[in-house]
Each structure stands twice: as C-alpha cells, then as structure tokens.
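Counting from 29, one number per residue, gives the positions in the sequence shown under the numbering used here.
Take a look at the structure below.
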Amino acid sequence: MNKKIWFVFTVLAIGVAGYSISQYFIMDANQAGFVQMKLMFLSKLSTFWYIMLFIHVAASVVALVIGPYTLSTNFREKNFNLHKNLGKIYLIGILFGSISGFYLALHATGGLAGKLGFTLLSIFWLISAYQALARVKEKKILDHQKWMIRNYSLTFAAVTLRIWLPLFVLLFGIENFELSYAIIAWLAWVPNIIIAELFIQQKLNKSHAKVMHNSNAKGQLDPEL
C-alpha cells in the first residue's frame with residue numbers, strides 16, 4: 029500500500045477510535061450522538077443493548093487501530109512476530125465486534141433496510157476474518173492478504189459511516205434522519221468493499237504476477253534453479 033494512503037487511513041482510524049473512546053468511555057455515553065439519535069425513536073434503551081454497544085465500540089476500536097499495521101508490508105517484514113500477535117488481537121476484536129454488532133444491527137434505526145444493511149455488514153465482517161485466518165493456516169499468504177484487505181475495508185466502515193452521517197444530516201436535515209440512516213447502513217461499507225476488490229485486482233494481483241514472472245525468468249536463465 030502507498031505510504032501516503034496508509035498514513036491517511038491510519039490517521040482517520042486513530043481519529044475515529046479516539047473520538048469513540050472519548051464519547052463512550054470517558055464522557056457520558058448517554059450524551060453520545062448515536063445514543064441520542066436512538067432515543068429520538070425509542071423512549072428507553074435496555075441495559076443489555078448498552079452492554080452490547082460498549083463491547084462493540086471497544087472491540088471495533090481495537091480492530092480499527094491495529095488494522096493498518098497488519099496490512100503494512102514494511103511493518104510485517106521488520107516485525108514479523110509482532111505482526112502475528114497483532115493479527116491475533118485484531119481477529120479477536122473482529123469476533124467480539126461482529127457478534128455485538130449483529131445484535132445492534134437487529135435493533136438499528138432505519139427500518140428493515142437499515143437493519144439488513146448493518147446485519148450483512150456484521151456477517152461479512154466475521155466471514156472475511158475467518159477466511160483470512162483459514163488462508164494463513166493453509167500458508168496461502170497471498171490469499172490471506174486479500175482477505176485481510178477485504179476485512180479491513182469492512183472494519184473501516186466505522187470511519188466512512190461517520191463521514192456520511194453528518195453530510196446526510198447537513199443535506200437532508202435531522203427530520204429525515206431515519207431515511208438517511210437506512211441509506212448509510214449500506215453506503216458505509218458497500219463502496220469500501222468495491223474499492224478493496226479493485227485494489228486487489230489492480231495492485232496486489234499485478235504485483236504477484238510480476239514477482240512470479242521475474243522468478244520464472246531467473247529460473248530460465250539459471251539452469252540450476
């Protein structure tokens with residue numbers, strides 16, 4: 029990944045992570061924008077809902093911050109053992125984040141469309157993490173990298189959601205929040221996964237093909253290889 033792009037991703041991830049920790053664990057969670065929006069449509073939120081929210085925020089923050097380092101080639105090559113350990117922590121974050129996110133999705137604002145959008149996000153988030161884990165256990169490193177890119181694009185929905193949300197409120201007003209949120213439930217992650225696939229096809233596959241071509245060419249020149 030380009031260093032400038034990696035830097036932007038990392039800054040945005042840390043920024044959203046810091047904002048979330050501040051909102052839910054340092055300040056009064058009831059005053060957080062997300063909770064306030066929920067209370068616009070519900071008179072009360074259950075204790076279990078809050079527990080799932082706190083688990084989701086904590087686990088997602090861990091994954092969001094660690095993710096860029098697991099994707100960095102330079103970091104992996106210089107700190108391989110640390111890369112492996114961070115990867116394990118990242119996947120644990122995804123496990124708890126996706127399960128709690130699934131519960132929250134079932135109670136999401138935005139009607140059926142909103143619930144379905146966030147439910148599918150939670151399911152694909154967990155499935156792609158499992159695929160990444162399975163591929164690295166099979167020592168299929170390139171496939172592992174592809175699934176990690178797909179997975180982090182879904183993790184990054186935490187950032188893109190917070191970009192789209194104020195924009196929609198500004199454009200369409202708070203009175204249309206439920207409709208806006210139903211759209212954002214899809215807009216937060218579908219473009220991300222599309223961009224991830226394009227990156228995989230245009231960058232990762234081409235780089236791998238180039239390495240294989242150079243290896244084959246070297247083998248043809250050196251009969252002992």
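Glycine is no exception: its CB is placed at the ideal position from the N, C-alpha and C atoms.
None of these values were measured; they are calculated from a predicted model.
query: Whole runs of the alpha helix (DSSP H) within the stretch 136-168, excluding any shorter than 4 residues; result: 139-165
query: CA-to-CA distance, THR137 to PHE62, given in whole angstroms; result: 10 Å
query: Helix, strand or coil at TRP175 according to DSSP, with G and I counted as helix; result: helix
query: Other residues of its chain near ILE221: CB distance less than 6 Å, five sequence neighbours each side excluded; result: SER181
query: Rounded straight-line distance, which links the Cα of GLY115 to that of PHE205; result: 37 Å
query: LEU114 CB to nearest heavy atom of the ligand SAH below 7 Å; result: The model depicted lacks the ligand SAH and carries no ligand whatsoever.
query: Beta carbon of TRP77 nearer than 8 Å to that of HIS135; result: yes
query: For LYS167 and PHE82, the rounded distance between their alpha carbons; result: 35 Å
query: Nearest candidate by alpha-carbon position, reference LEU119, set ILE223, VAL44, THR183, ILE54; result: THR183
query: Where SER50 falls: helix, strand or coil (DSSP); result: helix
query: Opening and closing residue of the alpha helix (DSSP H) in which GLY125 lies; result: 108-134
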